[in-house]
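There are 2 protein chains.
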Amino acid sequence: MPTASADPRPERLRVAGLRVTAPRLAVLDVLDGSPEHPTSEQIATAVRARIGSVSTQAVYGVLDAFAAAGLVRRIEPAGSPARYESRVGDNHHHIVCRTCGATADVACVVGAAPCLDPSDAAGFAIDQAEITFWGLCPTCRGRTTAAPSGQGDAPWPIGDR
Amino acid sequence: MPTASADPRPERLRVAGLRVTAPRLAVLDVLDGSPEHPTSEQIATAVRARIGSVSTQAVYGVLDAFAAAGLVRRIEPAGSPARYESRVGDNHHHIVCRTCGATADVACVVGAAPCLDPSDAAGFAIDQAEITFWGLCPTCRGRTTAAPSGQGDAPWPIGDR
DNA sequence: ACGCTTTCTTGACAGGGTCAAGAGAAGTCG
DNA sequence: CGACTTCTCTTGACCCTGTCAAGAAAGCGT
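Chains W and S supply the protein sequences, listed in that same order.
With numbering that gives the first Met the number 0, letter number 10 in the first sequence gets 9, and the count goes up by one each step, no holes.
With numbering that gives the first Met the number 0, letter number 73 in the second sequence gets 72, and the count goes up by one each step, no holes.
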């Protein structure tokens, strides 16, 4: 038995009550090494590059199992397919590029977030708040020299408050 | 509605640079009278109840045109089809029921939102912040007496910070 | 009323994801 | 170590939401 520090991934799976299989280890590996919040298809591609061939269905199954076990977090920006990240358990948000859909992490810079504790919840039992920032990624900023135009469906531009 | 000057909807359309048609008036009417954030299909059904028959495509077209003109706002909660609301121009957020997808408005109770001005934006040009609360609506609260269980993909439960 | 333009209808199509059944591994126990 | 049980993966069909395109129909300015 190799030392525990060699590869903690199998143990992570077992602790989560999941069986250790090649697809699962590969998905975990891909997500651990991707700050990019890949889509399921990107994950499938990366996984196949590591262990040969895996069905798309398996990837969906693995991701769902991981999400249910709390190993990964699924984010679904409007107009974009679901994306995944293995960074869980901390308070961070996401910023999504309007043009290309690229997604990055944004640290929650404040200790308290008054806006996230609404007084009027319409009778709902709130258990979670989710913040998504929208804008242009560095690449698309340079590319889109013309007017941003598509201001149409903006909930409320920053600065309007 | 035979009332003379009572209906401001045609004018709202003209001001937005849109032609006045029955489907558009009906969609506007439906949204004005729905605090429920209906989906496009629900809107189509309600519209047909008023003016007979309208193609699904027309509804999509109308909603897109309205969104582009700023007459309505489109929200796309994860795992739910797009929803629309005619309440625009103010700063409010949404709370979505995890079980049934019901959506309600949540007032932004604070004047300033520190969390919405991230210091580290990863080079993105942020133009908008979007907040979605997740929880259980009053109806589903009563129905789901058992354990909430599905805590898996929770970004960060309120109170954990 | 006329003609130009926008909008609606119809129908095909696509992306993303789910569902279901059976084959194949992982873990367990004797 | 080997059989057994259970969980996973593969395969293939299918669904939902939404988009694209072409032509018919209606709105609006003159």
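Virtual Cβ for every residue (Gly too), placed ideally from N, Cα, C.
Computed from a predicted structure; not experimentally measured.
(request) Examine the Cβ distances between the segment 50-67 of chain S and the segment 17-31 of chain S and report whether three or more of them are shorter than 8 Å. (result) Counting Cβ pairs under 8 Å, three or more are found: they touch.
(message) Across the segment 19-32 of chain S and the segment 81-101 of chain S, are there enough close Cβ pairs to call them in contact, namely three or more that are closer than 8 Å?
(response) yes
(message) So residue 40 (chain S) contacts chain W; which residues on that side make the cut at Cβ distance below 9 Å?
(response) Neighbours of residue 40 (chain S) on chain W: none; closest Cβ ~17 Å, over 9 Å.
(message) So, with DSSP's three-state summary, where would you put residue 70 (chain W)?
(response) coil
(request) Flag this pair as touching only if the segment 40-47 of chain S and the segment 66-75 of chain S have three or more C-beta atom pairs under 8 Å; answer yes or no. (result) These segments do not touch.
(request) State the Cα-Cα distance for the pair residue 130 (chain S) and residue 70 (chain W), rounded to the nearest angstrom. (result) 24 Å
(request) Give every residue of the same chain whose Cβ lies closer than 8 Å to the Cβ of residue 99 (chain S), excluding the five residues on either side of it in the sequence, and list them in chain order. (result) 136, 138, 139
(message) Quick check on DSSP: helix, strand or coil for residue 229 (chain W)?
(response) There is no way to answer for residue 229 (chain W), as the model of chain W reaches only from 0 to 160.
(message) To the nearest angstrom, how far is the alpha carbon of residue 92 (chain W) from that of residue 141 (chain W)?
(response) 24 Å
(request) Within its chain, find whatever has a CB closer than 6 Å to the CB of residue 8 (chain W); leave out the 5 residues flanking it on each side and keep chain order. (result) Here residue 8 (chain W) has 24, 27 as same chain residues with Cβ atoms under 6 Å from its own Cβ, once five neighbours each way along the sequence are excluded.
(message) Once the 5 residues before and after residue 102 (chain W) are set aside, which same chain residues still bring their CB inside 6 Å of it?
(response) 36, 82, 93, 95
(message) If the cut-off is 7 Å on Cβ atoms, which residues from the segment 126-138 of chain S count as contacting chain W, listed in chain order?
(response) 126, 127, 128, 129, 130, 131, 132, 133, 134, 135, 136, 137
(request) Just grab the DSSP bridge partners of residue 82 (chain S) for me. (result) S:38, S:74
(request) Quick one: list the residues of chain S neighbouring residue 75 (chain W), beta-carbon separation under 8 Å, in chain order. (result) 77, 78
(message) Please state whether the Cβ-Cβ distance between residue 32 (chain W) and residue 123 (chain S) is less than 9 Å.
(response) no
(request) Kindly indicate if chain W contains any beta-carbon less than 9 Å away from that of residue 122 (chain S). (result) yes
(request) Just the chain S side, please: which residues come within less than 7 Å of residue 103 (chain W) by C-beta, in chain order? (result) 121, 123
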